[in-house]
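Working notes for the structure below.
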C-alpha cells in the first residue's frame, strides 16, 4: 500500500480549535483566517441552438491582440526566447510561434486560463526583477497541472493590452451558461472543419469533421443527414444549416423516450406531468410543484411555453444537462455541514511534499505547488525545512536533487493564498531539519509574515490518552493498517486524536496509495501527492467535492464516537439500516473526448466502468461492453448492480476508457462523488479530465435507483 502513519493528540476546544501533539522535531502550526467564514433562461429561439462566439464588443477587444505581439517567453533566468502571440478571430484561442513567419505553432484556449497575474508574480519573473521591470511582465496561469506561461512584453502598454484582454475574455467564458458553452463547442468544431475558411462546409469536410468529433458514421447515413440540412441545395452547409445538421446528428432518442413516457401528447410536458416526472423518477422531495415551475422558468427556451408553465423537449434536455439534472446532489454543493466540532471529527484535505511539482528525487520545488494545493482546497500542507547555504532556511526534499526554494517565500505565498478557496484553518506540517540559528529565522518569518493569523500549540508528550502507534506496512506492496484485529481500536483512536498518513519514501515517482482504507478507520489527514493525477486523486477530489469544497468533511457519527463498535471489516458493526442496492443503468454518452495524444483519425471504442470504493465488503467494479468506433453518441443500455453496506464511507467512480483488446485501455474521462451525494433518477454525469478539469460537453446519461435491503437473519 505504501504509507506511513504519525499521530497527534487532539483535545476539544471551542470553535474546533485544538491542542495537538506532534512527534519530535515537528512543529505544529495552525493558521486561522482573519474572519469567519442561477442562471438565466436560454435565448427564446425555436432552435435553442445557434453558432456562438464570445466576441466582446469591439471597444473591449484590443485590436493589437488580434494583430499580434512579439513578446519574450521565459522558462528560466537563462531561457528567454521571442515568440509571436496572436489572438485568433474566434476570440477563444491564442496562437503563438517562434518567428513571425515560422511554421511551428502552439495554441491555448481561453477556457484553459484560470487567471492572469501582473508583474513579478512567479519565481521565474522574480529572478529577472533586476533585468525587466514589473510593468512589462505577466503570468498566464492555467487550470489543472499545466505549467504557467511567463511573458515579458516590449512595453507596459503591450503588457496591459494582453493582461486586460485576457482577463476580459476569461470573465466572459466563466460566465457562460451551459447552452452558450455548447454553442461555443459547436462553433469551434465548425471552424476546425472549415479548412478553406470560406464559412461553408462541403460533404468532404463534414466527413473529416465526424472523425475529428470521435465518430465513424456510415457514409450513406451521413450524406442523408447532410442533404436534409442543406436547405439551399448548394452542396455546402453554412450557419443555421450546420446547426440543423448538428441537431440531427445529436438527436437524443433515449431522452425522447423518457419525455414521451410522461407526456400525453408527446410534444410537451404540462406542469403536472413534469411534477409527476420529478416525483416518480427523480425522487425530488417537498415543494415539487414550486421546483418544477422554477426549472421551467430557468430552462424552457420558448417564452410562450414558459408563460404557460409547460416544458418542451428542448427545455427538458436543457434541464437534464443542468446542475439540477446532474448526478451530484446540488444541495451538497454549498457549505452544509456542522463546522463547530473538534478537528479530529473531520476528514481534512491534505497534501504530501506540497512544494514538489514532479518526482521526489530530481523534481522542481516551487511555491506554485502550494498555490495549486490551496486552490484545490487542501487544508494540510507539508513544508520540509533545511539549513540554506546563504543563511536563510530553504524548502526541498532533503538529500535529493530536487531544487530549493526560500522558506520565507513559502510563508509569503501561504499568507497570500491560504484563504482564497476556503475560510477554514490551514494546517502546516513543518518538518524542521534546521539548526538553532536558521530555526530562529523560521520562527521570525512565521510571526512577521503571518502575524495574528498564526496559532501554534505547545508540545506535551505526557498526554495519558495517547495510544501506541499502530503497525503499518510501509512498502509499495500493501499491508493493512494495524491488521483486521485492530480495526476498531484504530477507529476509536481516531475519534479523539488526529492521525496523518503520507506516502512511503519508496514512491520516488510521486505515485499515491489508495486513501480509502485510511478514511475507513477515521484517519483525518490522509496526505497525497496532489501533483500526480490518477485514481487516488480522483477519490480525494470526489470526497472533498461536497461542503463548498472547503477542505473539511464531517466524519460519519460512528467514526466520531469514542466508544464506537464500528470495524470496517464488519459492516454490521455500523449502527443503522441497510445494506443498499445500487442499480446504475448506463444509457448513453455524449461527445466523449479523444484519447490524449492520439491521431486525428483515431476514434475511441468506449466502455464505462463503475467502481465502488469503501469498506472491504463494498469494494467492487463492473463495466459495460465497448461500443465500436463511436465516442460521439455511444449507446450502452446496460444495468450494473451493486450492494453497499456502509454508504457513509462509499465513493462511486465512473470511468470511461477506450477499449483495446491487445493492450491496456486508455483513459478518456471520469467523475467521482460520495455515495451519499448521488441523486436518483435520470441523470447526466459531466466528465472530468485526468487532471480533474471539466471537459464540456462530454457526459454520460444514466438512470440511478437506490433501494434499502434487509440484512439477512
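Numbering (this note's numbering), first residue to last: 1 to 713.
Glycine included, C-beta positions come from ideal geometry on N, C-alpha and C.
Short Cβ contact (7 Å threshold) for residue 729 with residue 134: A question about residue 729 goes unanswered here, because the residues of the chain that appear run from 1 up to 713.
Member of 579, 141, 151 whose CA lies at the smallest distance from the CA of residue 128: 151
Length at least 4, wholly inside the stretch 201 to 287: the alpha helix (DSSP H) runs in chain order: 203 to 212, 219 to 229, 240 to 249, 253 to 262, 271 to 280
8 Å CB neighbourhood of residue 163 in its chain, flanking five on each side removed: 116, 118, 138
With 16 other Cβ atoms within 10 Å as the buried cut-off, status of residue 336: exposed
Minimum Cβ-Cβ distance from residue 253 to chain B less than 7 Å: Within the model displayed, chain B is absent; a lone protein chain is all it includes.
Spatial neighbours of residue 665 in its chain, beta-carbon cut-off 7 Å, leaving aside the 5 residues before and after: 657, 658, 659
Test item: CB-CB of residue 206 and residue 111 under 7 Å: no
Residue 736 versus 170, 196, 641, 617, residue with shortest Cα-Cα distance: Residue 736 is absent from the model: the chain starts at 1 and stops at 713.
For residue 667 and residue 203, the rounded distance between their alpha carbons: 31 Å
Where residue 344 falls: helix, strand or coil (DSSP): helix
Where the beta strand (DSSP E) containing residue 616 begins and where it ends: Unbroken run through residue 616: none, as it is neither H nor E.
Nonlocal neighbours in the same chain, by C-beta distance under 6 Å from residue 638, ignoring five residues either side: 586, 624
Selection from 547, 310, 655 that minimises the alpha carbon distance to residue 621: 655
Pair within 7 Å by beta-carbon distance, residue 562 and residue 612: no
For residue 331 and residue 554, the rounded distance between their alpha carbons: 16 Å
Buried or exposed by the 16-neighbour rule on C-beta atoms within 10 Å, applied to residue 87: buried
For residue 534 and residue 310, the rounded distance between their alpha carbons: 44 Å
Of the residues 98, 292, 327, the one placed nearest residue 699, counting alpha carbons only: 327
Start-to-end residues for the alpha helix (DSSP H) that takes in residue 442: 436 to 445
Contiguous beta strand (DSSP E) assignments of at least 3 residues, all confined to the stretch 483 to 567: 497 to 503, 525 to 528, 552 to 554
Residue closest to residue 557, alpha-carbon to alpha-carbon, out of 589, 185, 263, 341: 341
Given residue 387 as reference, the closest of 403, 307, 438, 510 once Cα atoms are compared: 438
Which listed residue (144, 149, 109) has its alpha carbon closest to that of residue 80: 149
DSSP bridge partner residues for residue 384 (one or two, in chain order): 431
Candidates 431, 675, 346, 372, of which the one nearest residue 494 by Cα: 346
CB contact flag (residue 269, residue 263, <7 Å): yes
Bridge partners - residue 351, DSSP secondary structure assignment: 528
Start-end ranges of the beta strand (DSSP E) lying completely within the stretch 100 to 152, minimum 3 residues: 105 to 109, 113 to 118, 137 to 142, 149 to 152
Expected contact under 8 Å - CB spacing of residue 631 and residue 592 to nearest Å: 4 Å
Collapsed DSSP secondary structure at residue 675 in the structure displayed: helix
Residue 272, buried or exposed, once every other Cβ within 10 Å from all chains shown has been counted against 16: exposed
Nonlocal neighbours in the same chain, by C-beta distance under 8 Å from residue 296, ignoring five residues either side: 271, 274, 305, 306, 309, 310, 311, 315
Run of the alpha helix (DSSP H) containing residue 708, from where it starts to where it stops: Premise fails: residue 708 lies in the beta strand (DSSP E), 694 to 708, not in any alpha helix (DSSP H).
Three-state secondary structure assigned by DSSP to residue 184: helix
From 693, 567, 551, residue whose alpha carbon lies closest to that of residue 522: 567
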